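In what follows, a structure is listed as structure tokens, so that the remarks can point back to it.
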Amino acid sequence: MKRFEGRVSIVTGASQGIGEAIARDLAGAGATVVLADVQREKLEAVAAAIAAAGGRAEAHAVDVADAAAVERTVAAVAAAHKRIDHLVNNAGITRDGLLMRMKDEDWDLVLRVNLTGTFNFSRAVLRTMVAARYGRIVNVASIAGLMGNPGQTNYSASKAGVIAFAKSLAREAGSRGVTVNAVAPGFIETAMTAVLPEEVKAAYLGAIPLRKFGLPKDVSAAVQFLLSEEASYITGQVLSVNGGMYM
Ligand SMILES: NC(=O)c1ccc[n+]([C@@H]2O[C@H](COP(=O)([O-])OP(=O)(O)OC[C@H]3O[C@@H](n4cnc5c(N)ncnc54)[C@H](O)[C@@H]3O)[C@@H](O)[C@H]2O)c1
Numbered sequence: 003m004k005r006f007e008g009r010v011s012i013v014t015g016a017s018q019g020i021g022e023a024i025a026r027d028l029a030g031a032g033a034t035v036v037l038a039d040v041q042r043e044k045l046e047a048v049a050a051a052i053a054a055a056g057g058r059a060e061a062h063a064v065d066v067a068d069a070a071a072v073e074r075t076v077a078a079v080a081a082a083h084k085r086i087d088h089l090v091n092n093a094g095i096t097r098d099g100l101l102m103r104m105k106d107e108d109w110d111l112v113l114r115v116n117l118t119g120t121f122n123f124s125r126a127v128l129r130t131m132v133a134a135r136y137g138r139i140v141n142v143a144s145i146a147g148l149m150g151n152p153g154q155t156n157y158s159a160s161k162a163g164v165i166a167f168a169k170s171l172a173r174e175a176g177s178r179g180v181t182v183n184a185v186a187p188g189f190i191e192t193a194m195t196a197v198l199p200e201e202v203k204a205a206y207l208g209a210i211p212l213r214k215f216g217l218p219k220d221v222s223a224a225v226q227f228l229l230s231e232e233a234s235y236i237t238g239q240v241l242s243v244n245g246g247m248y249m
């Protein structure tokens, strides 16, 4: 039997990058994967690719920052499947800029998607998880939420927020069989980092003891572990996946 056979997993931000890798790996391990993202067409392509590979996936176009839409999505999933075992809060955005020039909307949007989105989905799934006395929530944080990063006060604050959120919810929900953890990726090769100037990438590379950038599959492997039975005694933790860039 496959590792996640019979499980129902929600992955936000699943239409590309790290979220897509997490969704594909979960489906490959037997889970029914609920893909949630704002990019409807890409999402449907990922769902079709998973199905073509013999997996089970369904696409739900939803903005994680829209609490009512998130409630509707989660209610539909719970009604259809009668269970929600895993939630991976992966959807995230950047709007980088120095603080003195940061616009209100860039602050608000990053906090709304990265932090409030995590709150919206976590609150929505919790009732089903608590009733089942089983659940696993993993927040995709960032190295920036641990060590800070110039030009990313908004992003770093949101990512430190999802770490503290995970620890607090881990304390609230532990007695109900629900674990809540975070992974903190370093520099991972995705669309989010592809836009960075070459000299910035070179500087990052010099600061990484393993002397290479991470791949979405590296983050996915850590997430799969935290969702697994092997991790059942691990809660409120942050697992860094950063090539040693921050220890
Ligand atoms: N790439 C890195 O180096 C890196 C490092 C640390 C942390 N992270 C985190 O990993 C996660 C995934 O990032 P990625 O690198 O794959 O980036 P990405 O931009 O390729 O993917 C992000 C996904 O989130 C989706 N999304 C954005 N806003 C959304 C919203 N409001 N509602 C629903 N979905 C939304 C996007 O459509 C996209 O599919 C993010 O939380 C990011 O902050 C990435």
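To get this note's numbering, take the position in the sequence shown, counting from 1, and add 2.
Positions of the beta carbon are idealized from the N, C-alpha and C atoms, including for glycine.
Predicted model only: the values in this text are computed from it and were never measured.
Worksheet item: In the DSSP assignment, what residue or residues form a beta bridge with Arg58?
Response: Thr34
Worksheet item: Which residue from Val221, Ser234 and Ile236 puts its Cα closest to that of Val243?
Response: Val221
Worksheet entry | Cutoff 8 Å; reference Lys44; Cβ partners in own chain excluding five residues on either side | Ser17 and Gln18
Worksheet item: Within the present structure, is the beta-carbon of Phe6 separated from the nearest heavy atom of ligand 1 by less than 7 Å?
Response: no
Fill in: Euclidean distance between Cα positions of Met194 and Val164
19 Å
Discussion item. Can you look up Ser11 in the DSSP assignment and give me helix, strand or coil?
Written reply: strand
Worksheet item: I think Ala67 touches Arg114, with their Cβ atoms under 8 Å apart; what is that distance to the nearest whole Å?
Response: 4 Å
Fill in: Option nearest Ala205 by Cα separation, candidates Gly176, Met247 and Val240
Met247
Practice prompt. For the stretch 66-128, list the beta strand (DSSP E) runs that are entirely contained and at least 3 residues long, ordered along the chain.
Written response: 88-91
Worksheet entry | Separation of Glu201 from Ser234, as counted between CA atoms | 42 Å
Item to complete: Could you name the residues of the same chain whose beta carbon sits closer than 8 Å to that of Glu22, not counting the 5 residues immediately before and after it, in chain order?
Response: Ala16, Val48 and Pro218
Worksheet item: Of all the beta strand (DSSP E) runs that stay within the bounds of the stretch 171-196, which reach a length of 3 or more residues?
Response: 180-187
Practice prompt. Give the secondary structure of Gly246 by DSSP, where H, G and I count as helix, E and B as strand, and everything else as coil.
Written response: coil
Worksheet item: Just the Cα atoms here: how many angstroms apart are Ala63 and Val35?
Response: 14 Å
Fill in: Counted within 10 angstroms of its Cβ, other Cβ atoms place Pro152 as buried (16 or more) or exposed
exposed
Worksheet item: Rounded to whole angstroms, how far is the Cβ of Ile145 from the Cβ of Ile20, which I believe are closer than 8 Å?
Response: The pair is not a contact, with the Cβ atoms about 13 Å apart (cut-off 8 Å).
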